[in-house]
Amino acid sequence: MCTMHIDAVIVLIYICLMGAAGKSVHQKGYKPEAYKQSRSQRELELIKGGTHKSGSPIFRRSPDQTKSPVTKSEQLLRIEDHDFTMRPAFGGPPIPVGVDVQVESLDTISEVDMDFTMTLYLRHYWKDERLAFPSTNNQSMTFDSRLVKKIWVPDMFFVHSKRSFIHDTTTDNVMLRVYPDGNVLYSLRVTVTAMCNMDLSRFPLDTQTCSLEIESYAYTDDDLMLYWKKGNESLNTDDRISLSQFLIQKFHTTTKLAFYSSTGWYNRLYIHFTLRRHIFFFLLQTYFPATLMVMLSWVSFWIDRRAVPARVPLGITTVLTMSTIITGVNASMPRVSYIKAVDIYLWVSFVFVFLSVIEYAAVNYLTTVQERTERKLREQLPCTCGIARPVEDMIVATAYSDVDQSTTGNYGMPENEVRQERIFAQFTLADNQTTSQVRSLRSYVNIWIDTHAIDKYSRVIFPGAYTLFNIVYWSIYS
């Protein structure tokens, strides 16, 4: 019993002591947050002092730069202290602005619209002492398009441009880099569609030279001196640039002065590029079909002149096909007032096809005249009725070649002219009228032979003349 009383007394004393301690803490206003703050201050003092005991859990940590106060770029560059609506060194000598270009792609060349589309990186270099800032490590500062609107930049534009824009995916493709001494690099990515005056007199065997012209819009050569920063080396191109219809031969740069009567002289930079057209596409689509149509029209010279249903459709088909080829080529070309090289070839080919049709028309007409004359001569032959010896008085001998007339090619007449189809009429009548009729018949035979020779000579003249034309044409334009 005595032991139990002692334990109870000890527990009561412990409870009283704990309650007194809690009450004192409450009276003093002690809070856990205050403890944490005092601990953070002690850790910061240890970090600043740089001394701590070995094995201590508190180590030195680098300060968070993102939470430290920094000077604004506008304050560092003193943008508010200057008037950037005026050019650098206003009132003094012209400010030199160097330019270099990186051609990213040459997209399209249009003969119909007489223009081209190019995507490039345009970079400007100049010095503006108003943007100089102190720096211990001589490092530059890079900004985006938001700062460009607050400072002075060259007002470049593309002469003879139809459309142009600065790329804005995912943000504006503009970069501004400022160096401590005030040198500035201003770069932007631009796509421009500009005019290109093309001479299509040798199309499609032509070579075109187009130019992209860069100039300041407001500042004359008294205020701004525009120049290529490294001469011809200021123009760089991507080796992967290629066009479907052209071969890019070379790029080069030049500088000239442009004069406007109302404003004065301006520096102008030129980017020249020379393009040579690929001929293989036009050989397949234009020249070969036209040549085949001309050769197809020659087939009618080997067809029997009496086969009208075969020769007439062949001639009409070749003429209509040539008309379609000419129309298709002109539909994709501008309406120029001069003759192009392809026009010469197509129209000469059309003339050859048309002449083959005219040749058959002439042969058919002369054949009709021949048959009409033959019919009249037969009607004028004297009647032998009542003559005692008709066989002795009148002998009508008709000789034909041994070759079948239905044979194609020579119509029963070999090419070596050993044998020809001939019709002879010999009369032994003493009448003078009969003699004159026989002479008429012989002249008719000569007419028939000349009519047949038209097809024979055409087989040689047409191919020979067209071959000669091709030799002259390709020697001049190739």
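Mind the numbering: the sequence shown is residues -22 to -1, 1 to 456 in mature numbering (1 follows the signal peptide of the UniProt record, and there is no 0), read in order. The beta-carbon is built from N, C-alpha and C at its ideal position, and this holds for glycine as well. Predicted, not measured: the structure shown is a model, and the values here were computed from it.
(request) Taking T299 as part of the alpha helix (DSSP H), name the residues at either end of that continuous run. (result) Locating residue 299 in the sequence shown gives position 321, counting from the first residue. Judged by DSSP secondary structure, T299 falls within the alpha helix (DSSP H) whose first and last residues are V286 to A309.
(request) For the beta strand (DSSP E) containing K354, list its first residue and its last residue. (result) Taking the sequence shown and counting its residues from 1, the one referred to as residue 354 is at position 376. Run containing K354: none in the beta strand (DSSP E); it sits in the alpha helix (DSSP H), A319 to Q358.
(request) Helix, strand or coil for K234, going by three-state DSSP, please let me know. (result) Locating residue 234 in the sequence shown gives position 256, where the first residue counts as 1. K234: strand per DSSP, three-state reduction.
(message) According to DSSP, is V438 part of a helix, a strand, or is it coil?
(response) In the sequence shown, counting from the first residue as 1, residue 438 sits at position 460. Shown here, V438 sits in a helix according to DSSP, grouped into three states.
(request) Specify whether the region 429 to 436 and the region 334 to 341 touch according to this definition: at least 3 beta carbon pairs, one from each stretch, less than 8 Å apart. (result) yes
(message) DSSP three-state label for N116, please.
(response) Against the sequence shown, residue 116 aligns to sequence position 138. Of the three classes helix, strand and coil, the one that applies to N116 here is coil, per DSSP.
(request) For F330, count neighbouring C-beta atoms within 10 Å of its own C-beta (all shown protein chains included) and say buried if the count is 16 or more, exposed if not. (result) Position 352 of the sequence shown, counted from the first residue, corresponds to residue 330. Under this definition F330 is a buried residue.
(message) Suppose only complete runs of 3+ residues qualify. What are the beta strand (DSSP E) ranges in the region 66 to 125, listed by chain order?
(response) Counting only runs of 3 or more, we get 73 to 88, 93 to 105 and 119 to 121.
(request) With V170 as the anchor, note down where its beta strand (DSSP E) starts and where it stops. (result) Within the sequence shown, the letter at position 192 stands for residue 170. Per DSSP, V170 belongs to the beta strand (DSSP E) from N161 to M173.
(request) Could you check the C-alpha separation between R164 and T302 for me, to the nearest Å? (result) In the sequence shown, counting from the first residue as 1, residue 164 sits at position 186. In the sequence shown, counting from the first residue as 1, residue 302 sits at position 324. Sequence inspection shows Tyr at residue 164; the Arg mentioned does not correspond to that position. Looking at the two C-alpha atoms, the distance is approximately 54 Å.
(request) Determine the contact status of S139 and V90, defining contact as a CB-CB distance below 8 Å. (result) Here residue 139 refers to the residue found at position 161 of the sequence shown. Here residue 90 refers to the residue found at position 112 of the sequence shown. No.
(request) Name the one or two DSSP bridge partners that W243 has. (result) In the sequence shown, counting from the first residue as 1, residue 243 sits at position 265. DSSP, once it has assigned bridges, lists F237 as partnering W243.
(request) Quick one: give me the first and last residue of the beta strand (DSSP E) that T185 is part of. (result) If you number the sequence shown from 1, residue 185 lands on position 207. Here the beta strand (DSSP E) through T185 covers T185 to S194.
(request) Compute the Euclidean distance between the alpha carbons of K208 and V326, then round it to the nearest angstrom. (result) What you label residue 208 is simply residue 230 of the sequence shown in a count that begins at 1. What you label residue 326 is simply residue 348 of the sequence shown in a count that begins at 1. Cα-Cα distance, rounded: 51 Å.
(request) List the whole-angstrom C-beta distance separating A196 from P158, where the pair is believed to meet the contact cut-off of C-beta under 8 Å. (result) Position 218 of the sequence shown, counting from 1, holds the residue named residue 196. Position 180 of the sequence shown, counting from 1, holds the residue named residue 158. Actually they do not touch by this definition, with Cβ atoms about 29 Å apart.
(message) On the DSSP letters alone, give me the boundaries of the alpha helix (DSSP H) that M203 sits inside.
(response) Position 225 of the sequence shown, counting from 1, holds the residue named residue 203. Note, M203: premise wrong, no alpha helix (DSSP H); beta strand (DSSP E) at L202 to W206.
(message) If I follow the unbroken beta strand (DSSP E) through T149, where does it start and stop?
(response) Counting from one through the sequence shown, the residue named residue 149 turns up at place 171. For T149, there is no enclosing beta strand (DSSP E), as DSSP marks it with neither H nor E.
(request) Quick one: residues in its chain with C-beta nearer than 7 Å to the C-beta of N210, no 5 flanking neighbours on either side, listed in chain order? (result) For the purposes of this step, residue 210 is identified with residue 232 of the sequence shown, where counting begins at 1. Same-chain partners within the cutoff: H230 and T231.
(request) Measure the CB-CB distance between P66 and R108 and report whether it falls below 8 Å. (result) Along the sequence shown, read from residue 1 onward, the residue named residue 66 stands at position 88. Along the sequence shown, read from residue 1 onward, the residue named residue 108 stands at position 130. Going by C-beta atoms, P66 is nearer than 8 Å to R108.
(request) Report the residue from H256, D201 and T233 whose alpha carbon sits nearest the alpha carbon of S220. (result) Numbered from 1 along the sequence shown, position 242 holds the residue referred to as residue 220. With distances taken between Cα atoms, S220 lies closest to H256.
(message) If distances are taken between C-alpha atoms only, which option among V272, R167 and T198 comes closest to S83?
(response) Here residue 83 refers to the residue found at position 105 of the sequence shown. Cα-wise, what sits closest to S83 is R167.
(request) Express the C-alpha separation of G76 and N161 in angstroms, rounding to a whole number. (result) What you label residue 161 is simply residue 183 of the sequence shown in a count that begins at 1. What you label residue 76 is simply residue 98 of the sequence shown in a count that begins at 1. Linking N161 to G76 through their CA atoms gives a straight-line distance of about 11 Å.
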